[in-house]
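Undergrad:
Number of protein chains: 4
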Amino acid sequence: MLYFENDYSEGAHPLVLKRLCETNLVSQPGYGEDAYSENARRLLREACRAPEADVYFLSGGTQTNAVAIGGLLRPWEGVVCAKTGHINVHEAGAVEFSGHKVMSIAGKGGKIEAPALRAYLSGFFADPNHEHMVFPGMVYISHPTEYGTLYSLAELTELSDVCKSFHIPLYMDGARLAYALGADGGVTLADIARLCDVFYIGGTKCGALCGEALIFPKGAPEHFLTLIKQRGALLAKGRLCGVQFEALFEDGLYFELGKSAVELAMALKAGLLNRGFRLFMDSPTNQQFPIVPNALLEKLEGRVRYSYWEPCGDASVIRLATSWATTPADVEELFKILDNMPIDG
Amino acid sequence: MLYFENDYSEGAHPLVLKRLCETNLVSQPGYGEDAYSENARRLLREACRAPEADVYFLSGGTQTNAVAIGGLLRPWEGVVCAKTGHINVHEAGAVEFSGHKVMSIAGKGGKIEAPALRAYLSGFFADPNHEHMVFPGMVYISHPTEYGTLYSLAELTELSDVCKSFHIPLYMDGARLAYALGADGGVTLADIARLCDVFYIGGTKCGALCGEALIFPKGAPEHFLTLIKQRGALLAKGRLCGVQFEALFEDGLYFELGKSAVELAMALKAGLLNRGFRLFMDSPTNQQFPIVPNALLEKLEGRVRYSYWEPCGDASVIRLATSWATTPADVEELFKILDNMPIDG
Amino acid sequence: MLYFENDYSEGAHPLVLKRLCETNLVSQPGYGEDAYSENARRLLREACRAPEADVYFLSGGTQTNAVAIGGLLRPWEGVVCAKTGHINVHEAGAVEFSGHKVMSIAGKGGKIEAPALRAYLSGFFADPNHEHMVFPGMVYISHPTEYGTLYSLAELTELSDVCKSFHIPLYMDGARLAYALGADGGVTLADIARLCDVFYIGGTKCGALCGEALIFPKGAPEHFLTLIKQRGALLAKGRLCGVQFEALFEDGLYFELGKSAVELAMALKAGLLNRGFRLFMDSPTNQQFPIVPNALLEKLEGRVRYSYWEPCGDASVIRLATSWATTPADVEELFKILDNMPIDG
Amino acid sequence: MLYFENDYSEGAHPLVLKRLCETNLVSQPGYGEDAYSENARRLLREACRAPEADVYFLSGGTQTNAVAIGGLLRPWEGVVCAKTGHINVHEAGAVEFSGHKVMSIAGKGGKIEAPALRAYLSGFFADPNHEHMVFPGMVYISHPTEYGTLYSLAELTELSDVCKSFHIPLYMDGARLAYALGADGGVTLADIARLCDVFYIGGTKCGALCGEALIFPKGAPEHFLTLIKQRGALLAKGRLCGVQFEALFEDGLYFELGKSAVELAMALKAGLLNRGFRLFMDSPTNQQFPIVPNALLEKLEGRVRYSYWEPCGDASVIRLATSWATTPADVEELFKILDNMPIDG
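Protein chains in written order, with numbering that gives the first Met the number 0: chain A, 0 to 344; chain B, 0 to 344; chain C, 0 to 344; chain D, 0 to 344.
1. Helix, strand or coil for Cys80 (chain D) per DSSP?
2. Rank D:Gly59, D:Asn64, D:Lys100, D:Thr61 by C-alpha distance to the C-alpha of Glu358 (chain D) and give the top, closest one.
3. Got a sec: does the ligand NAP put a non-hydrogen atom nearer than 6 Å to the Cβ of Lys217 (chain C)?
4. Which residues does DSSP list as the beta-bridge partners of Gly173 (chain C)?
5. If you measure from the beta carbon of Gly106 (chain B) to each beta carbon in chain A, is any gap under 7 Å?
6. Can you tell me whether Ser159 (chain D) is helix, strand or coil according to DSSP?
7. Go through the region 49-79 of chain C residue by residue and report every complete run of the alpha helix (DSSP H) that reaches 4 residues or more, in order.
8. Answer with buried or exposed for Asp6 (chain B), where buried requires no fewer than 16 other C-beta atoms within 10 angstroms of its C-beta.
9. Ordered along the chain, which non-local residues of its own chain (more than five positions away) have a Cβ less than 6 Å from that of Val186 (chain B)?
10. Using a Cβ-Cβ distance under 7 Å, would Tyr226 (chain C) count as near chain B?
11. Hey, is the region 251-271 of chain A in contact with the region 84-96 of chain B, meaning 3+ C-beta pairs nearer than 8 Å?
12. Mind checking if Val291 (chain D) is an interface residue toward chain B, Cβ cutoff 7 Å exclusive?
13. So, under 8 Å CB-CB, Leu247 (chain B) and Val25 (chain B) are touching, yes? Tell me the CB distance rounded to an integer number of Å.
14. How many angstroms separate the CA atom of Glu157 (chain C) from the CA atom of Tyr150 (chain C)?
15. Interface residues of chain B around Phe134 (chain C) at Cβ under 9 Å?
16. Please decide whether Pro327 (chain B) counts as near chain A, where near means a Cβ-Cβ distance under 7 Å.
17. By alpha-carbon positions, which one of D:Leu319, D:Gly312, D:Arg230 ends up nearest to Thr61 (chain D)?
18. Which same chain residues end up closer than 6 Å to Ala39 (chain B) when comparing Cβ atoms and leaving out the 5 residues on each side of it in sequence?
19. Which residues, in chain order, does the region 108-138 of chain A contribute to contact with chain D at a C-beta distance below 7 Å?
20. When the Cα of Tyr199 (chain B) is compared with those of B:Leu120, B:Tyr119, B:Ser306, B:Ile68, which residue comes out closest?
21. Tell me which residue opens and which closes the beta strand (DSSP E) that Tyr146 (chain C) is part of.
22. Pull the bridge partners of Pro310 (chain A) from the DSSP assignment, please.
23. May I ask you to list the residues that DSSP assigns as paired with Phe215 (chain B)?
24. Relative to the alpha-carbon of Glu211 (chain B), which residue among B:Leu194, B:Leu239, B:His222 has its alpha-carbon at the smallest distance?
25. Against chain D, with Cβ distances strictly below 7 Å, would Ala91 (chain B) count as a contact?
26. When DSSP labels each residue in this structure, what does Tyr2 (chain D) get in the three-state scheme?
27. Specify the secondary structure class of Ser282 (chain B) as computed by DSSP and reduced to three states.
28. Please classify His131 (chain C): is it buried, with 16 or more other beta-carbons within 10 angstroms of its beta-carbon, or exposed?
29. Output yes if chain C places a C-beta closer than 7 Å to the C-beta of Pro74 (chain B); else output no.
30. Ignoring anything shorter than 4 residues, give me the alpha helix (DSSP H) runs that lie fully in the region 233-312 of chain D, in order along the chain.
31. Please tell me whether Glu9 (chain D) has its Cβ less than 7 Å away from any Cβ of chain C.
32. Which term fits Phe124 (chain B), buried or exposed, when burial requires 16 or more other beta carbons within 10 angstroms of its beta carbon?
33. Please say whether Phe334 (chain C) and Gly270 (chain C) have beta carbons closer to each other than 7 Å?
34. Between Gly218 (chain D) and Asp53 (chain D), is the Cβ-Cβ spacing less than 7 Å?
35. Strictly by DSSP, which residues pair up with Lys107 (chain D)?
36. According to DSSP, what are the bridge partners of Tyr139 (chain B)?
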């Protein structure tokens, strides 16, 4: 069976696991006060060129979003996102569980466009009834988006400017940030740290067993550790994340791993296009979204695992994802399978 | 430096880590649908003699408590616990964050006594104003308690009977359950599964890198997976917990590890008593609570790590914990240090 | 100054106030256990032809929505409504504050259409990822809608059928129900009680000082009084609502008051159309939505109070509302003012 | 039947109702922007000698507590109160519903003592684990307390000083404030406004149909109106509260009404003591708490309504409350009834 279903089908990148083994018996304090976490925080501050940054490690993406958003919003505020935003669709209402509204606006290819955001925010404050409405208190973007697309530096700068002009923090969900950083011509970690008020660097989907690094480039809100604890997100063995992020950021592994997965994804995309498949979205990152006739899909059953995305006439949009665990041979193997099947099923 | 500070100062028991390494490259579905989690659930059902049980893996204790309690309580209900209960003191208000009151009653040695519970519940329903009050909707106990003490089978049975007579579920926080099961003459997993409506088998403090197994012996509430997701507690790489619990329960490792830590703790207790220390609480498990003169405490600085518990006149209650990572040599070393210091500082 | 701003600009209908005066010194128990509330509940059950109904009085519309919705939804569920639904826009996130998502779907003229609802619900349960999403757990409609429109009996029956087929309760926000009941050919209270699982009969905007009657035709959920108390919605002097609803329902005042306001609104509509105004929405109830050139709007300043609704090119949609306090002379006076101003400003 | 059950058994004080009638047909804007509310706010600022105060009207006590406490606390904070505090016992968990812990400490006669508060707060911040605990973020007192007792000026000043030294706001629940102000030698409204950070002046139990005036002497938090709306506590007909508080504060009615009820309560107390009854608590306000043999209680059935407080051996503590609606004749009548019954039943 070929696995292109997602980027979290295996354990950790071998170098990450190796580090866990090497450090396993060293005694350290709990709750993120261990030397590994301290060192990982230092490495992340350097990678972000944000010497004042506060860094917290959490265990998963939905959790990180809920803690960051619920922790920053004031009681009368909600978070603005694209209609397709992960927090609006696939997090089971985690933001609302913390008492806040998710206010979705139309996006394009999974992205929020700065003019649309500006119009939305202007409209809100111009509305004579806005005191009876949820105030927009944060803007959420994902990068890569749920469709694999990326914000250009110009786009991110413009969004950041809109947010600044309304005094609203910009938050980036970086569940798959490695694959954004590994794509051609994308924004850098330093750009992100400069333009966002808070963001997270995803570990789970980028080579770790678990773990996300939440970064506040200009410092975290007061008593954020207590807030993490309150929301059930403080690991007793904080070292579990610390060690992994040390391994990922000590010698640039995070960047390499993103780069190699994107290269394979580009090979995959080229091969799909060559074979006549249309793409639902042109993604420059590790997730590819071919439109596949349903008859063909059935034939892949038992041979290739993919993610079902959405129906599209007689065909379906599926997601094929690469990761550190994907090999060139996997891509070749997929092509072979496809070559033995007519595209129209 | 000697570490007796807690039972989560190191990584995972080597056999647990070994299993993570062995399975690392096998591709598996996410969110707990992997073969390892499935097998671990089977092993846990067997260990609990609860063939109908539903089992969910979460990543930490506070999270598990919050999800289980917040998920089972109905909106007008709160959870009853001993005043010293972990959820009442050291979880930063995680239960209240989910909208529910923690109703504490006086306990003894960290335990709720059945007659006190019965009196409390009877009093509540007899109060003519009880419709203006939070209804008791669950009883929370920890086993071992925050003071290392244990419920006897008779005590647990009586508590269970009280709960049943008021139609209120009994929930056991088993963060350190291995050390309860490893103590002499304690209740068994099958007893617990028979007498509690829901409980968790702690991994983080009992040899895993992270992970707790939440058990509903008679089946989980509807859509519990969605509730876990909503509260940010669903790991994408569910295998991380599945593999670890497989390793812990396949050949009885969990029980052995509890037993050996308790044996060392009993040696530690005996040695402390022989050296003239008084104990704050007589604990049959891996946590020991000697009362140590403050002058002596200062001398331990830099040589032994312990947990500060509470002041006690000119002395302090401290906690010394053993775990799978503690060796007989560690205990001997501690004794040597103490023998070179007069107990009165 | 002429008041067409809303239907809550004055105190109570004189007969309601008279009853408050007559009963003022009679001693009665608190919290809704008074004889007036008891009698009002009986009258409401009769008016709804729902002898099994449970009736609770609350003080305002947002509160009633939040208590009813938050009280009925299970933790993993949200409420489906039209994009323009009051709970989605103008209640400051009250539903989300209780932890639940408001899931908006496109509506038409403020109404949800049954086929769109069916498609949405089918799509949800067909989605392979729906366990990671908020479950639709209730459908919210307003009647009249925020645009004054009404569901026909056929439409309401069809919505009710869709809800039943998915085992999801249908909830009607009747903040202005008097004006729906007073319109030609509308559904009756008995229809509503038969087709909805829960609804409220608005008092505040229909002649009372305050107060809404929440009706569960088939009985309320367990311990609903405690839930009302918990959400700060239980009046100590429950008689305040009881007396008012007695006055409104004893001799059909509620129905008369709705009817007369609608008659004046129809006269208003006819006069506006005669004078060349276009209507944003054809409303059969007490709220009318003319499109008024901005230049003309300015001239109304200081002479007529209206509600600003939304911009519409060089013009604006405004709302003119009638109520029990509106007189035929008020409508005539408005026409005189308009007749002295050219419609194009 | 004689009514001493509570102070909310009748409608409004006749002068309050008269004002509602006089103003009934005047058209005014909604949501508290009416001229009556504006004037009432001015009168309250004057009465409190707090020219900078922000004033909001809400409809009931539990609601006001929940909005004020939930609105001021930051996410990681809870509210400290006496074990007997209304928010801890009789508000069905309204504070916890907003996500915050109620942290109760032992009180005396319903009051928090400053040394106990100081010890609690010092202990919290000295605890090495306090980052894993709920931070005390507000102190709640009731005045009169749930037992009718009062804080002296010295006591209130000392509490205020403790709060200031820990930078924690002091909140006073004044559900029955009229009866505190009407008692001999009590603190004044100006004292309260000077010493508390936020408090409310109760209307419902002090002569209004409904309504409480929430006062922030130094100004309210940002966007507090939206927060009130979000929690379902913003009345569309804000005038309902505005008119009533105008009537209560224009000519000192609130103070008179408190004074006369307290005078009757003192006569009641003297008469009870003369007749050999013991008092559970020596209350200087309108609530009296005699200890009554159960046999005697039964004989009162059908003749006198009282509130049952708690068992006390073979007797019971009951509450007898006076109000503006109580007459000297009512007290005499009660004495006659008692004189015809032996105190031992």
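Here a beta-carbon is modelled for each residue, glycine too, at the ideal position from N, C-alpha and C.
TA: Here's the rundown:
1. strand
2. Nothing can be reported for residue 358 (chain D), as the shown portion of chain D is limited to 0 through 344.
3. Within the structure as shown, the ligand NAP is missing, as the structure has no ligands at all.
4. C:Ile200
5. no
6. helix
7. 60-71
8. buried
9. Leu152, Leu155
10. The sequence shown places Leu at residue 226 (chain C), not Tyr. Output row for Leu226 (chain C): interface = yes.
11. no
12. no
13. No, Leu247 (chain B) and Val25 (chain B) are not in contact; Cβ-Cβ is about 19 Å, not under 8 Å.
14. 10 Å
15. His222, Thr225
16. no
17. D:Arg230
18. Gly241, Phe244, Glu245
19. Glu130, His131, Phe134
20. B:Ile68
21. No beta strand (DSSP E) contains Tyr146 (chain C), which DSSP labels as neither H nor E.
22. A:Ser315
23. B:Asp53
24. B:Leu239
25. yes
26. strand
27. coil
28. buried
29. yes
30. 238-249, 252-273, 293-299
31. yes
32. exposed
33. yes
34. yes
35. D:Lys110
36. B:Tyr170
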